[in-house]
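In our numbering, the protein residues as written are 132 to 676. Shown next, in structure tokens, is the structure this report addresses.
Next up, the structure:
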């Protein structure tokens, strides 16, 4: 016996009504026969197990608070330390103190997790989770809830109405309701009025500043000081994640070939996570599924960091199950998107093949795809602005996949935006796009959002030859395209006729037959509106190596 069954036996053997029936319980747990598992309820006076859920309320609001990328990085490292550190305040240390091992941790991600513990120790576990989280994160709150469960519910799930088959979603719904009630009792972050001789924290802009960050010369609150100390300590040699940048203010420098001082903020999320998880059975299936998704996202990110040479020039923020935010130099953004999407899809297939005994999980992993939102901007913009827009773009990519005829399109999708100096900034993607790309009824200056195969054909493949074109000519064509569509068409035709580099682009885009170059700039969409991907390519070119 191993894994979740061994954990259940260890947690329940002391709670048997008759201790002589331990062998019977062991046999039933090993066989995992659904009918016999239900009969184990008669062996206990009450549910002997408890599923403890914890979550960080308003995580993204807390994560992206502050004017520098140092603060999200510091909080992310505090969360990683709480989830994986061996100190007594961290989850592995807490489980070890209770005589439990890692199999009791069903899920552990920055936004929350699930622990399987004995029912009589659930109150102690919740109290220690809250205390440990506050000490690790500099005083932040953690919401906790516990649901008593029987051994059969741990292995099969719970029936929502005693008629339908058991599933994990019923347990999850109960815990979500408890956490929701707990959130309603806790007020949101407040902005207390301070007298004029006192100053707010220059990091979170909320609490009273009583400490000084000597490195940056800022007045900050004790909580931000604790988090920054953790973030900086773990970036030193021997730290937990030494490859990440402490701050992204100089991510494009360090003597590298990046041509701009812009950064790319990439928000990526896997599709179909919730529908898969709620239909699973036992907690072991839930743990396997979450573990597979974590390995996919982290593995794909680590691979692109190594291949693109981004050591100490990127940040990875895991924001939930199947969700993450990557910040890196804008000059590497297209390569990063390509490696991320293709790496995730390859690793999903690999993880699915490794789970041969779980066909439901296999099928769910094979159907998952990536939804990507990318923003390119200067790093002086507050993180909440960049990430807010990137999340809106990821939502736009998700809507594109969901709008496919016949159901969700099983293909990765991407949307992106470039914030130019002095340009309007908003999280309303449709409004921004209408102002710039769709100001005329008969023409669209963009094909965004893209299905990934289209993005690869229209942008990635063309960029290899397009990058050889002088940037002054590209900039000139961009200005003409915004001012006069007819003049832009004539300008492009002239460039193709007179320049070998432009002819190489035309060949890559439309083929070797010159007759197909007629629609090099414009094409007609299904609604009769002319559109172009050329503006999308131009916008990205000025930021890429």
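No residue lacks a Cβ here, since even glycine has one placed at the ideal position from N, Cα and C.
Tell whether a beta-carbon distance below 8 Å holds between residue 356 and residue 314.
Position 225 of the chain shown holds residue 356. Position 183 of the chain shown holds residue 314. Taking a C-beta distance under 8 Å as the contact criterion, residue 356 and residue 314 do not qualify as a contact pair.
Reduced DSSP category for residue 462 - H, G, I as helix; E, B as strand; rest coil
As a position in the chain shown, residue 462 is number 331, starting the count at 1. In the structure shown, the three-state DSSP call for residue 462 is helix.
Nearest-angstrom Cα separation, counted from residue 514 out to residue 248:
On the chain shown, position 117 is the one that residue 248 refers to. On the chain shown, position 383 is the one that residue 514 refers to. Those two C-alpha atoms are separated by around 38 Å.
Look at the Cβ atom of residue 494, then the Cβ atom of residue 423, and state whether they are nearer than 8 Å.
For this step, residue 494 is matched to residue 363 along the chain shown. For this step, residue 423 is matched to residue 292 along the chain shown. No, the Cβ-Cβ distance between residue 494 and residue 423 is not below 8 Å.
Just tell me which of 184, 375, 543, 458 has its CA closest to the CA of residue 517.
Within the chain shown, numbered from 1, the residue matching residue 517 stands at position 386. When each option's Cα is compared against that of residue 517, the closest is 458.
Can you give me the C-alpha to C-alpha distance between residue 668 and residue 203, rounded to a whole angstrom?
Taking the first residue of the chain shown as position 1, residue 668 is located at position 537. Taking the first residue of the chain shown as position 1, residue 203 is located at position 72. Using only the alpha carbons, I get a separation of about 31 Å.
If you pair each beta-carbon of the segment 389-409 with each one of the segment 447-466, do three or more pairs fall below 8 Å?
Cβ pair count under 8 Å is three or more, so yes.
With 16 other Cβ atoms within 10 Å as the buried cut-off, status of residue 677
Because residue 677 is not part of the residues shown, which for the chain are 132 to 676, the question remains open.
Endpoints, beta strand (DSSP E) assigned at residue 400:
Position 269 of the chain shown, counting from 1, holds the residue named residue 400. Taken as a continuous stretch (DSSP letters only), the beta strand (DSSP E) holding residue 400 covers 394-401.
How close, in whole Å, do the beta carbons of residue 498 and residue 541 come, if the pair is a contact with beta carbons under 8 Å?
Walking along the chain shown from the start, residue 498 turns up at place 367. Walking along the chain shown from the start, residue 541 turns up at place 410. Contact holds; Cβ gap of about 6 Å.
Any chance you could list the alpha helix (DSSP H) runs of at least 4 consecutive residues sitting entirely within the segment 549-635, in chain order?
Runs found: 560-567, 583-586, 592-597, 602-614, 616-629.
Less than 8 Å between the CB atoms is what I'm expecting for residue 271 and residue 183, so what's the real figure, rounded?
By 1-based counting over the chain shown, the position of residue 271 is 140. By 1-based counting over the chain shown, the position of residue 183 is 52. Between residue 183 and residue 271 the Cβ distance is about 18 Å, and since that is not below 8 Å, they are no contact.
What is the C-beta distance between residue 505 and residue 524, in whole angstroms, given that I count them as a contact (C-beta under 8 Å)?
As a working note, residue 505 is residue 374 in the chain shown. As a working note, residue 524 is residue 393 in the chain shown. Residue 505 to residue 524, Cβ: 7 Å. Contact.
Endpoints, beta strand (DSSP E) assigned at residue 165
By one-based count along the chain shown, residue 165 stands at place 34. That residue, residue 165, is in no beta strand (DSSP E); its alpha helix (DSSP H) goes 165-170.
Distance between residue 461 and residue 385 (C-alpha atoms, nearest Å):
As a first step, residue 385 is located in the chain shown; it is residue number 254 there, counting from the start. As a first step, residue 461 is located in the chain shown; it is residue number 330 there, counting from the start. At residue 385 the pLDDT is 44, less than 50, meaning the model places this residue with poor confidence and gives no usable figure here.
Local Cβ density within 10 Å of residue 619, reported as buried at 16 or more and exposed below that
On the chain shown, position 488 is the one that residue 619 refers to. Residue 619 comes out buried.
Top-ranked residue by Cα proximity to residue 533, from 557, 500, 560, 519:
If you number the chain shown from 1, residue 533 lands on position 402. Comparing Cα positions, the closest option is 500.
On a CA-only basis, which of 438, 428, 447 is nearest residue 376? Give me that one, please.
Position 245 of the chain shown holds residue 376. Of 438, 428, 447, the residue nearest in Cα terms is 447.
Just to confirm, is the Cβ distance from residue 474 to residue 434 under 8 Å?
By 1-based counting over the chain shown, the position of residue 474 is 343. By 1-based counting over the chain shown, the position of residue 434 is 303. Using a Cβ distance threshold of 8 Å, residue 474 and residue 434 count as a contacting pair.
Per DSSP, which one or two residues make a beta bridge with residue 661?
Position 530 of the chain shown holds residue 661. Answer is 574, 655.
Any alpha helix (DSSP H) of 4 or more consecutive residues that is wholly inside the segment 132-216
For the segment 132-216, whole alpha helix (DSSP H) runs of length 4 or above, ordered along the chain, are 134-143, 153-162, 165-170, 190-194, 201-215.
Helix, strand or coil: which one does DSSP assign to residue 234?
By 1-based counting over the chain shown, the position of residue 234 is 103. Here residue 234 carries a helix assignment [DSSP, helix/strand/coil].
In terms of residues, what are the limits of the alpha helix (DSSP H) holding residue 406?
As a working note, residue 406 is residue 275 in the chain shown. In the DSSP assignment, residue 406 falls within the unbroken alpha helix (DSSP H) covering 404-409.
Quick one: is residue 654 buried, meaning 16 or more other Cβ sit within 10 Å of its Cβ, or exposed?
As a working mapping, residue 654 is identified with position 523 in the chain shown. The residue in question, residue 654, is exposed, as its Cβ has fewer than 16 Cβ neighbours within 10 Å.
Range covered by the alpha helix (DSSP H) that runs through residue 424:
The residue labelled residue 424 in the question sits at position 293 within the chain shown. Start and end: 414-439.
Considering just the uninterrupted stretch of the alpha helix (DSSP H) at residue 358, what are its terminal residues?
Taking the first residue of the chain shown as 1, we reach residue 358 at position 227. 353-364 is the span of the alpha helix (DSSP H), which, as asked, contains residue 358.
Simplified DSSP state of residue 666, which is helix, strand or coil
Taking the chain shown and counting its residues from 1, the one referred to as residue 666 is at position 535. If DSSP states are grouped into helix, strand and coil, residue 666 belongs with the helices.
Tell me residue 544's beta-bridge partners as DSSP assigns them.
Translated into positions along the chain shown, residue 544 becomes position 413. When beta bridges are read from the DSSP output, residue 544 appears opposite 502, 582.
State yes or no: is the C-beta of residue 581 within less than 8 Å of the C-beta of residue 472?
Position 450 of the chain shown holds residue 581. Position 341 of the chain shown holds residue 472. Annotated as distal: residue 581 and residue 472, with beta-carbon spacing of 8 Å or more.
Unbroken beta strand (DSSP E) run spanning residue 244, endpoints
As a first step, residue 244 is located in the chain shown; it is residue number 113 there, counting from the start. Segment 243-249, the beta strand (DSSP E) holding residue 244.
Comparing C-alpha positions only, which one of 214, 329, 333, 490 sits nearest to residue 345?
What you label residue 345 is simply residue 214 of the chain shown in a count that begins at 1. Nearest option by C-alpha distance: 333.
Can you check which of these residues, 199, 252, 200, 593, is closest to residue 117 by C-alpha distance?
Nothing can be reported for residue 117: it is not among the residues displayed for the chain, which extend from 132 to 676.
Between the CA atoms of residue 553 and residue 544 - distance to the nearest angstrom
Taking the first residue of the chain shown as position 1, residue 544 is located at position 413. Taking the first residue of the chain shown as position 1, residue 553 is located at position 422. A direct Cα-to-Cα measurement between residue 544 and residue 553 gives close to 29 Å.
Helix, strand or coil for residue 308 per DSSP?
Here residue 308 refers to the residue found at position 177 of the chain shown. In the structure shown, residue 308 falls within a helical segment according to DSSP collapsed to helix, strand and coil.
Would the beta-carbon of residue 279 fall within 8 Å of that of residue 250?
Here the question's residue 279 lines up with position 148 in the chain shown. Here the question's residue 250 lines up with position 119 in the chain shown. Yes. Within cutoff.
Consult DSSP for residue 509 and reduce its assignment to one of helix, strand or coil.
As a position in the chain shown, residue 509 is number 378, starting the count at 1. Residue 509 falls in the coil class under three-state DSSP.
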